[in-house]
Amino acid sequence: MILRSVLNMDEKKICFITCLNDEVLYEESVRYIHSLNIPNGFQIELIAIREARSMAEGYNHAMKQSDAKYKVYLHQDTFIINKDFILDIVNLFNNYHSLGMLGVIGAKNIPTNGVWWKSSDRYGKVYDNSRYNEIAIFQGNYVRGDYETVDAVDGLILITQYDLGWREDLFKAWQMYDMSQAFEFRRAGYEVGVAKQNECWCIHDCNSLKTEEYEYQREVFLEEYSKDVFPLVSVLIPTYNRPELLQQALESVINQTYKNIEIIICDDSTNFLTYTMMQAYINKYPNIIYIKNEERQEINNWQKCLELAQGKYINYLMDDDLFALTKVEKMVDYFLRLPNLKLATSYRRLIDEFNNELPDRRANVSPFQEDTVIKGYALGNVVLKNLNNMIGEPSTVMFKREDVEFFGKFKNKSFFMLNDLATWLALLSKGTAVYIAEPLSYFRQHAGQNQRNLKYLGKSIPDWYNLIDSAHSSVYLKNIKDYKTTLQNYITHMMSIVQVYNQEHSSQMLLEINAASYISTAANKLLEYPDTYCCNFCESNFDEFKAWSDKFDSDRYDYEMYNKFTAICPVCGCFDRERLIRFYIDQLASGIDNKHKLLHIAPESNLRRWLENEVNTYIAGDLFPSDLETQKIDITDISYENDSFDVVICSHVLEHVPDDTRALKEFYRVLKPGGWGILQVPIALNIDKTYEDASIVTPEDRLEAFGQEDHVRMYARDYVDRLLAVGFSVEVFNIFDRYGLNEAIKYGLSEQDNLYVVHK
7 MILRSVLNMD EKKICFITCL NDEVLYEESV RYIHSLNIPN GFQIELIAIR
57 EARSMAEGYN HAMKQSDAKY KVYLHQDTFI INKDFILDIV NLFNNYHSLG
107 MLGVIGAKNI PTNGVWWKSS DRYGKVYDNS RYNEIAIFQG NYVRGDYETV
157 DAVDGLILIT QYDLGWREDL FKAWQMYDMS QAFEFRRAGY EVGVAKQNEC
207 WCIHDCNSLK TEEYEYQREV FLEEYSKDVF PLVSVLIPTY NRPELLQQAL
257 ESVINQTYKN IEIIICDDST NFLTYTMMQA YINKYPNIIY IKNEERQEIN
307 NWQKCLELAQ GKYINYLMDD DLFALTKVEK MVDYFLRLPN LKLATSYRRL
357 IDEFNNELPD RRANVSPFQE DTVIKGYALG NVVLKNLNNM IGEPSTVMFK
407 REDVEFFGKF KNKSFFMLND LATWLALLSK GTAVYIAEPL SYFRQHAGQN
457 QRNLKYLGKS IPDWYNLIDS AHSSVYLKNI KDYKTTLQNY ITHMMSIVQV
507 YNQEHSSQML LEINAASYIS TAANKLLEYP DTYCCNFCES NFDEFKAWSD
557 KFDSDRYDYE MYNKFTAICP VCGCFDRERL IRFYIDQLAS GIDNKHKLLH
607 IAPESNLRRW LENEVNTYIA GDLFPSDLET QKIDITDISY ENDSFDVVIC
657 SHVLEHVPDD TRALKEFYRV LKPGGWGILQ VPIALNIDKT YEDASIVTPE
707 DRLEAFGQED HVRMYARDYV DRLLAVGFSV EVFNIFDRYG LNEAIKYGLS
757 EQDNLYVVHK
């Protein structure tokens with residue numbers, strides 16, 4: 007709340023306010039203030055507060071005494087060494103009326119523990135002796151503008167142009183008042199900033215932190231402001247007839263150090279014991295949403311929980327598992343620091359029904375000794391090759407709500423026994439994961455679990471097969487040996503499950519799920535799958551292609567032809583699209599021989615060398631030729647007569663051209679009647695209509711909007727309409743549809759690879 011109208015404040019006065027208990031330090035601080043340059047017409051005022059019970063109380067008392075528009079709240083051990091300090095702050099505030107409070111160092115994003123100086127995104131600088139026992143610069147990122155907007159600033163010096171009450175009702179000691187005031191200004195609609203300093207403005211000769219007092223005040227801060235700064239996390243608990251264990255699980259969420267949590271419980275119980283137990287919790291905790299299902303939802307209960315969630319991040323909790331107290335805090339912190347993070351997991355301990363810790367088993371042994379960020383596809387490959395969910399059960403993993411529409415789906419297939427792992431693989435295909443080495447959840451082992459029930463165990467046979475099949479058509483198992491090893495391990499593991507059913511005289515259950523067909527299909531794939539990849543340019547055989555660089559990955563778009571892991575021949579360096587074009591020409595193209603004339607725009611090197619020997623006249627063209635043999639050709643104004651070429655090839659150029667319709671008309675004009683061409687562009691599968699906006703001109707904005715700094719549009723499947731509109735007939739060639747999966751795989755291609763062949 008603003009305490010004093012700006013109209014009643016003296017705009018030519020600067021008040022310096024200090025709470026003190028050391029007269030010597032304060033006198034030195036005042037000497038520095040008196041040495042500052044004071045602009046003409048300005049006056050300074052000093053207010054010293056002695057015997058205050060808290061910093062917030064002292065600052066409130068002083069603030070009410072002064073009518074100065076500009077107030078500088080500084081520690082007794084802060085010494086201002088910037089002679090033009092007053093002029094600098096007055097100019098800043100005059101230029102930026104939305105700027106409520108300034109500091110010299112702070113954090114743009116506060117970590118989830120509320121300790122600003124542990125942020126990886128600090129700004130500003132100060133001479134400081136608290137960390138090294140000698141004066142040294144404590145420095146964050148460089149402030150590029152006049153100031154950097156931040157979440158919080160350090161209380162060594164706080165500079166304001168508006169009077170806003172300090173929260174002495176909450177902060178009754180000497181810590182966290184600065185963080186609190188930053189958030190009060192933000193609540194009031196003002197910015198908090200770190201000033202640009204060419205040289206440090208201040209020296210801070212500070213004392214050590216009182217740990218116990220600080221920890222208490224930090225908890226107060228988190229209780230009050232967590233919802234202002236930290237994203238909401240939804241903890242989802244599908245439950246069934248386990249009120250006692252559910253109560254323990256629920257308490258482990260309620261007691262989390264992270265405070266901005268909603269808890270959603272969907273109760274599938276066949277009785278009202280859980281309902282009765284939950285009434286006290288519902289009345290006490292407004293962040294708990296409890297639903298008693300009228301009809302049993304079974305596996306759909308997972309999706310019901312997800313659809314009710316409002317949080318930015320999601321963590322399921324099995325009703326018999328437990329969270330460690332800092333689980334949510336530590337996982338959210340990683341998400342805030344790593345933009346491309348899709349999944350956070352951790353080591354989890356096994357416990358029995360009495361909460362006693364159990365020895366590790368194969369599935370939960372920690373693969374890392376310290377926190378590790380790992381590429382998603384690499385982690386997924388390890389899981390698949392070993393048929394071992396080392397990522398963890400639903401209780402272990404946190405993910406972003408926006409990344410999961412349906413829990414238990416991967417590549418449009420729904421999974422039952424492996425619904426968690428299917429979701430993890432879908433997430434990992436899009437980005438990175440972090441494995442936190444400390445135990446952040448507890449996985450309970452007891453007789454009532456589905457994993458131990460013969461009714462459910464056999465259902466893992468179709469699930470594992472479909473998971474491997476879907477994964478291989480995604481980003482996983484792109485090394486041939488890895489894929490074949492996975493199939494072999496699948497067959498071995500599933501046969502051991504069959505043996506369990508035979509021993510229990512329950513083989514009828516396997517017949518019901520058609521288990522034998524999945525195992526035999528895997529065996530046939532193992533036998534039929536090519537032993538190596540091959541390249542149709544250099545005719546080499548190898549186990550693995552070279553991958554595209556991660557810089558070509560996109561969080562925004564799912565590309566039609568993006569074979570990241572089978573992109574580049576490791577021998578000759580040809581691209582996947584070159585191999586597809588060569589395959590089409592070798593197998594199906596009519597009208598390419600030594601009698602014909604071919605125009606090749608922005609020629610790919612391997613394709614160029616081959617085509618030069620296949621046709622009578624080969625013309626390479628580019629707007630910016632890289633060699634003497636390449637002609638300078640603007641495809642919106644091609645310097646050839648009508649009907650000049652039998653074949654035109656242009657791949658991944660049109661997305662750079664502002665007027666692509668004009669370019670397409672030019673291709674149509676120079677192509678002979680009966681001629682054909684290949685006109686490729688990158689196509690996004692997850693948009694319905696080609697996206698272009700002529701006002702987007704900077705490289706950064708184009709990268710965000712169109713996937714690359716020099717692209718001017720992102721094509722969708724309606725690209726075909728553009729080809730038809732200029733007069734072409736269009737043939738969409740797909741190697742997978744025409745020749746089958748194995749032929750596509752052999753050349754590092756997939757079912758999403760379309761070739762756009764035009765005819766005149």
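First residue of the sequence shown: 7, per my numbering; consecutive thereafter. Beta carbons are placed, not taken as given, at the ideal position from N, Cα and C, and that holds for glycine. Just so it is clear, the structure is predicted and the values come from calculations on it, not from any experiment.
| Item | Value |
| --- | --- |
| Segment contact flag, the segment 724–734 with the segment 594–611, C-beta cutoff 8 Å, min 3 pairs | no |
| Test item: CB-CB of residue 264 and residue 241 under 8 Å | no |
| Distance between beta carbons of residue 704 and residue 719, contact taken as under 8 Å | Contact flag wrong, Cβ pair sits at about 15 Å. |
| Range covered by the beta strand (DSSP E) that runs through residue 111 | 111–113 |
| Presumed contact (8 Å Cβ cut-off) between residue 476 and residue 417, rounded CB distance | 4 Å |
| Those runs of the beta strand (DSSP E) which lie wholly inside the segment 54–126 and span at least 3 residues | 74–80, 84–86, 105–109 and 111–113 |
| Check whether residue 535 and residue 489 have beta carbons under 8 Å apart | yes |
| Any 3 or more C-beta pairs closer than 8 Å across the segment 218–230 and the segment 161–180 | yes |
| Proximity winner among 331, 498, 158 and 409, relative to residue 769 (alpha-carbon distances) | Summary: the structure shown does not reach residue 769, with the chain confined to residues 7 through 766, and so no result is reported for it. |
| Range covered by the beta strand (DSSP E) that runs through residue 657 | 651–657 |
| CB contact flag (residue 325, residue 252, <8 Å) | yes |
| Runs of alpha helix (DSSP H) lying entirely within the segment 236–318, each at least 4 residues, in chain order | 249–260, 279–290 and 306–314 |
| Assigned secondary structure, residue 637 (DSSP; H/G/I helix, E/B strand, else coil) | strand |
| Residue 328 Cβ short of 7 Å to the ligand FMN heavy atom set | Among the components modelled here there is no ligand, and therefore nothing to report on the ligand FMN. |
| Burial state of residue 44, where buried means 16 or more other Cβ atoms lie within 10 Å | exposed |
| CA-to-CA distance, residue 481 to residue 383, given in whole angstroms | 6 Å |
| Delimiting residues of the beta strand (DSSP E) encompassing residue 739 | 735–740 |
| Residue 517, buried or exposed, once every other Cβ within 10 Å from all chains shown has been counted against 16 | exposed |
| Cβ neighbour criterion (16 or more within 10 Å) applied to residue 435 | buried |
| Top-ranked residue by Cα proximity to residue 633, from 610, 653 and 655 | 610 |
| Beta carbon of residue 78 nearer than 8 Å to that of residue 20 | yes |
| Cβ separation of residue 447 and residue 352, assumed to be a contact under 8 Å, to the nearest whole Å | 7 Å |
| Rounded distance between the beta-carbons of residue 164 and residue 187, thought under 8 Å | 7 Å |
| Residue-chain proximity (residue 449, chain C), Cβ-Cβ < 8 Å | In summary, chain C is missing from the structure at hand, where a single protein chain is found. |
| For residue 599, three-class secondary structure by DSSP | coil |
| Continuous alpha helix (DSSP H) assignments of at least 4 residues falling wholly in the segment 398–449 | 425–434 |
| Exposed unless 16 or more other CB atoms sit within 10 angstroms - verdict on residue 288 | exposed |
| Cut-off 7 Å between Cβ atoms - residues of its own chain near residue 529, not counting five sequence neighbours on either side | 497 |
| Span separating the alpha-carbon of residue 452 from that of residue 395 | 19 Å |
| Rounded separation between residue 684 and residue 531 - CA only | 33 Å |
| Alpha carbon of residue 350 to alpha carbon of residue 69, nearest angstrom | 46 Å |
| Classification of residue 478 by the beta-carbon crowding that lies within 10 angstroms, buried from 16 upward | buried |
| Residue of 404, 442 and 304 minimising C-alpha distance to residue 427 | 404 |
| Cβ neighbour criterion (16 or more within 10 Å) applied to residue 167 | buried |
| Beta-carbon spacing of residue 235, residue 106 below 8 Å | no |
| Rounded straight-line distance, which links the Cα of residue 402 to that of residue 256 | 15 Å |
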